[in-house]
Amino acid sequence: MYQFPNGFLWGAAASATQTEGAAELDGKAQNIWDYWFEIEPERFYEGVGPKNTSDFYKYFKEDIERMKAVHLNSFRTSISWSRLLPDGIKVNKKAVDFYNQLIDELIQHDIEPIINLFHFDMPLHMQEKGGWESLEVVEAFNFYAKTAFELFGDKVKKWTTFNEPIVPVEMGYLNNYHYPCVIDMKRAVVVAYHSMLASAKAVKTYRDLSQDGQIGIILNLTPSYPRSQSKGDIEAAKIADLFFNRSFLDPSVLGEYPTDLVELLRTHDLMPEVNQIDLELIKENTVDFLGVNYYQPRRVKEKEANTTKTDSILPESFFDPYIWPDRRMNPYRGWEIYEKGLYDIATNIKDNYGNIPWYVAENGMGVEGEERFKDEKDMIQDDYRIEFYEEHLKWLHKAIEEGSNCFGYHVWTFIDNWSWLNAYKNRYGLYRIDLNTKQRYMKKSGLWFGDVAMHNGF
Ligand code: BGP
1 MYQFPNGFLW GAAASATQTE GAAELDGKAQ NIWDYWFEIE PERFYEGVGP KNTSDFYKYF
61 KEDIERMKAV HLNSFRTSIS WSRLLPDGIK VNKKAVDFYN QLIDELIQHD IEPIINLFHF
121 DMPLHMQEKG GWESLEVVEA FNFYAKTAFE LFGDKVKKWT TFNEPIVPVE MGYLNNYHYP
181 CVIDMKRAVV VAYHSMLASA KAVKTYRDLS QDGQIGIILN LTPSYPRSQS KGDIEAAKIA
241 DLFFNRSFLD PSVLGEYPTD LVELLRTHDL MPEVNQIDLE LIKENTVDFL GVNYYQPRRV
301 KEKEANTTKT DSILPESFFD PYIWPDRRMN PYRGWEIYEK GLYDIATNIK DNYGNIPWYV
361 AENGMGVEGE ERFKDEKDMI QDDYRIEFYE EHLKWLHKAI EEGSNCFGYH VWTFIDNWSW
421 LNAYKNRYGL YRIDLNTKQR YMKKSGLWFG DVAMHNGF
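For what it's worth, my numbering labels the leading residue of the sequence shown as 1, then goes sequentially.
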């Protein structure tokens, strides 16, 4: 029996843009996803864009009943900045009504809301001002954060500033996967630094309001494993870790950037403009807790040809990806499945980050063509997903037994939802959605997870 600590959070995560729908309803302004889909629909799987979601905006009440049916005691989603403040300044009353009803409904069902402020969905007019490259947008985010705390902070006791802030950096400014599809390391570093600054400012704003909750950040930590113990491989893994994990983990939790990262950026003329006042603000406004999204590890080896030319430098200029011959893949998403990674993350947080309270904010397995696993009662027999969760939870349990301060586990996701580029290709939900009727059907993993949540273990 794997028994988890009393009060452990069992839940699921989602985000506004991926679930709400109503992209053009009730005064919501466009965000970069709405706009990008309008101009380049072919970049999205089967041409399905953010208008076409599970319509949580409409069905949230029934969906909260569905959460109850699988015994969730917590749920994380985000507020859509462009819904709450369509012009960045004036509060949209319809949005306030929606988020109030959503939060109230969750609380009435004994489901703790964890509310995130930014999940990849930059309002379009803010992007036009430069997005995270602009300090004006950092200030605008702070205003948005303050507005959200003032509106909902009497009820929401766990906030997070960002979900995976490295993703817009990587996808939007390093490898042309997300809008604005830039490839420029220098600009990417500015985006990363300003998002970190925005997060710390929001933490400060929250504390200044003296609300009696907690504020954190959600990071996708990808443990970096070297191919071998050779000096070159270890150095390669260290650099990957600096770029993709420690660039947000260290300033968020310890209040400081790793000196090795700063030196590396200096050497390659990639330092953004920083001032002492902002660095102090980051130092003084570290988070109360961490959310960790974990899907896959990163395996690297020493770079084969040395190509560190400053004009075209990218993180990959410092290491090569390593394909571990023993790896087990999720072939649909193309991600390695490595359950022990979660234990290694927990140990790292315990040993190097003051054992800060943290929770698994996303963990899940996206599978294509799940319909083929339907039984005669229309239930998807997703045993592979149950096995995936079970194996991760066993490692998490071991970490907790050894003293890790982990307070919860959220799956990605609750109902199959729209994914940024893959639309509905890979399904992750505890519930399946029929895209034609928008009907939801519990999967076998939903039943299983409900049982685990009810018994606080398995
Ligand atoms: C995380 C994001 C989620 C979600 C998930 C699954 O990085 O926080 O928003 O989408 O990954 O990834 P994908 O949808 O790309 O398969």
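We put the CB at the ideal spot given by N, CA and C, even for glycine.
Item, Value
"Inside the stretch 385 to 421 only - beta strand (DSSP E) runs reaching at least 3 residues", "406 to 411"
"When Lys-340, Tyr-353 and Ile-400 are compared against Phe-388, the one with the closest alpha-carbon", "Lys-340"
"Where Tyr-441 falls: helix, strand or coil (DSSP)", "strand"
"Same chain, Cβ closer than 7 angstroms to Leu-72, neighbours up to 5 away in sequence not counted", "Trp-10, Gly-11, Ala-12, Ile-111 and Ala-453"
"Environment of Met-442 [buried if 16+ CB atoms lie within 10 Å]", "buried"
"For Val-292, the residue or residues it bridges with in DSSP", "Leu-219 and Val-360"
"Beta-carbon contacts of Tyr-35 that lie in its chain and below 7 angstroms, excluding the five residues immediately before and after", "Leu-124"
"Cβ contact check for the stretch 400 to 408 and the stretch 418 to 437: 3 or more pairs under 8 angstroms", "no"
"Unbroken stretches of the alpha helix (DSSP H), 4 residues or longer, contained in the stretch 85 to 132", "93 to 108 and 124 to 128"
"Neighbour-count burial assignment, Glu-370, 16 or more Cβ in a 10 Å radius", "buried"
"Length of the line joining the Cα atoms of Tyr-409 and Tyr-359", "6 angstroms"
"Nonlocal neighbours in the same chain, by C-beta distance under 6 angstroms from Lys-58, ignoring five residues either side", "none"
"Residue(s) in a DSSP beta bridge with Asp-320", "Lys-301"
"The stretch 323 to 332 touching the stretch 39 to 52, judged by at least three CB pairs closer than 8 angstroms", "no"
"Length of the line joining the Cα atoms of Val-96 and Leu-84", "7 angstroms"
"Nonlocal neighbours in the same chain, by C-beta distance under 8 angstroms from Tyr-2, ignoring five residues either side", "Leu-393, Lys-394, His-397, Gly-457 and Phe-458"
"Environment of Pro-5 [buried if 16+ CB atoms lie within 10 Å]", "exposed"
"Identity of the residues DSSP links to Asn-330 by a beta bridge", "Trp-335"
"Where Gln-18 falls, given that 16 or more other Cβ within 10 Å makes a residue buried", "buried"
"Beta carbon of Ala-240 nearer than 8 angstroms to that of Phe-141", "no"
"Ile-183 - DSSP class collapsed to helix/strand/coil", "coil"
"Option in Ala-346, Leu-430, Ile-349 and Gly-354 with minimal Cα separation from Ile-386", "Leu-430"
"Thr-19, DSSP secondary structure in three states", "helix"
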